[in-house]
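Let me begin by presenting the structure, written as structure tokens, before commenting on it.
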Amino acid sequence: MMNETPVAYYVQVAETLKSRIQSRQYRPGDLIPPEKELEKEFGVSNITIRKALDLLVRDGYVVRKRGVGTRVKERVEPKIPLQITGNFYDWVDSATKRDQSLEVEVLDMGEASCPARVAEILKTRLDESAWRLRRVRKLAGEPLSYYINYVPIKWGKLLKGGDFTKRTFLEIFQEFTGNVIKRIEQRVEATTADMDTSAILSVYFGAPLFFVENIYCGPSGVPIEVTHMYFRGDRYIYYNVTEIGSG
């Protein structure tokens, strides 16, 4: 029997089979075990197995053919490393992957309600709107990360005309508003996809994500911009390199 979690059994089965495919336990071209064997192994019904396999077909991991079985597809899944470093700009370069020229899609920009967490940081009233920019970064057409930028309305009005598909928000924000970022606070935590983020990132509800919050402060140390970022857990790897002295 599958573990008792809020995640549906068929999703648990699908993720387990996906992990076996990604680790090459099931290689491209292999037939995975028949449905009857999977039912017995996972202790679930045939309906659950079929729904799990449907997910894998939808995501391009397997193909099913009547009278033959379910065969693993050849699939290239690039993973983008995010560098853990004391230099924030190294982290930005790795996250935006400038050398790979990730495609950036702007979902919307303009006045929007301000989440309580952001309002607290920016010292605005809960009933006061903020200027918001929402973007998705893609590789080969597949969504990889979801960015949300918040600034006070007075600064957002100056950002009209900025090309947020070609340049970073930080570059445009400083150039168009005249602000200079002097301090950046960053928080990283694990989270899961809700209905909104799962639809935007093309993952299932409850899929693992990296959540990153950046708080940008001006010369006086007052926060003037907040960025929330969601990275697909299956497409990014965090890493660090430390040089050890000879002494």
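Taking our numbering, I'd label the letters of the sequence shown as residues 11 to 257. All residues carry an ideal CB built from backbone N, CA and C; glycine is no exception. The model shown is predicted, which means the values in this text are computed figures rather than measured ones.
Identify the continuous beta strand (DSSP E) that holds residue i and give its terminal residues.
i: residue 122; result: 113-122
i: residue 154; result: 152-162
i: residue 75; result: 72-75
Could you round the C-beta distance between residue i and residue j to whole angstroms and report it? I think they count as a contact, below 8 Å.
i: residue 221; j: residue 240; result: 6 Å
i: residue 38; j: residue 84; result: 4 Å
i: residue 216; j: residue 17; result: 5 Å
i: residue 19; j: residue 80; result: Incorrect: roughly 18 Å between the Cβ atoms, too far for contact.
i: residue 156; j: residue 210; result: 5 Å
i: residue 128; j: residue 236; result: 5 Å
i: residue 134; j: residue 126; result: Contact flag wrong, Cβ pair sits at about 10 Å.
i: residue 27; j: residue 62; result: 7 Å
i: residue 219; j: residue 203; result: 6 Å
With residue i as the anchor, note down where its alpha helix (DSSP H) starts and where it stops.
i: residue 187; result: 179-187
Look up residue i in the DSSP assignment and give the residues it is bridged to.
i: residue 34; result: Looking at the DSSP assignment, residue 34 forms no beta bridge with any residue, so it has no partner.
i: residue 226; result: 194 and 235
i: residue 241; result: 155 and 220
i: residue 136; result: The partner list for residue 136 (beta bridge, DSSP) is empty, contrary to what the question assumes.
i: residue 65; result: Paired residue(s): none; residue 65 is not in a bridge.
i: residue 41; result: 81
What would DSSP say about residue i, mapped onto helix, strand or coil?
i: residue 20; result: helix
i: residue 98; result: A caution first: residue 98 carries a pLDDT of 48, below 50, which makes its placement in the model unreliable, though a value can still be read off. In this structure, residue 98 counts as helix in the three-state DSSP scheme.
i: residue 247; result: strand
i: residue 52; result: helix
i: residue 130; result: helix
i: residue 85; result: coil
i: residue 200; result: strand
i: residue 3; result: With the chain covering only 11 through 257, there is no way to say anything about residue 3.
i: residue 80; result: strand
i: residue 149; result: strand
i: residue 143; result: strand
i: residue 168; result: coil
i: residue 59; result: helix
i: residue 175; result: coil
i: residue 212; result: coil
Just to confirm before moving on: does the CB-CB distance between residue i and residue j stay below 7 Å?
i: residue 234; j: residue 189; result: yes
i: residue 144; j: residue 160; result: no
i: residue 242; j: residue 149; result: no
i: residue 170; j: residue 229; result: no
i: residue 116; j: residue 174; result: yes
i: residue 66; j: residue 73; result: no
i: residue 214; j: residue 54; result: no
i: residue 166; j: residue 182; result: no
i: residue 40; j: residue 82; result: yes
i: residue 195; j: residue 225; result: yes
i: residue 47; j: residue 56; result: no
Can a CB atom of chain C be found closer than 7 Å to the CB of residue i?
i: residue 200; result: This model lacks chain C altogether, as it is built from one protein chain only.
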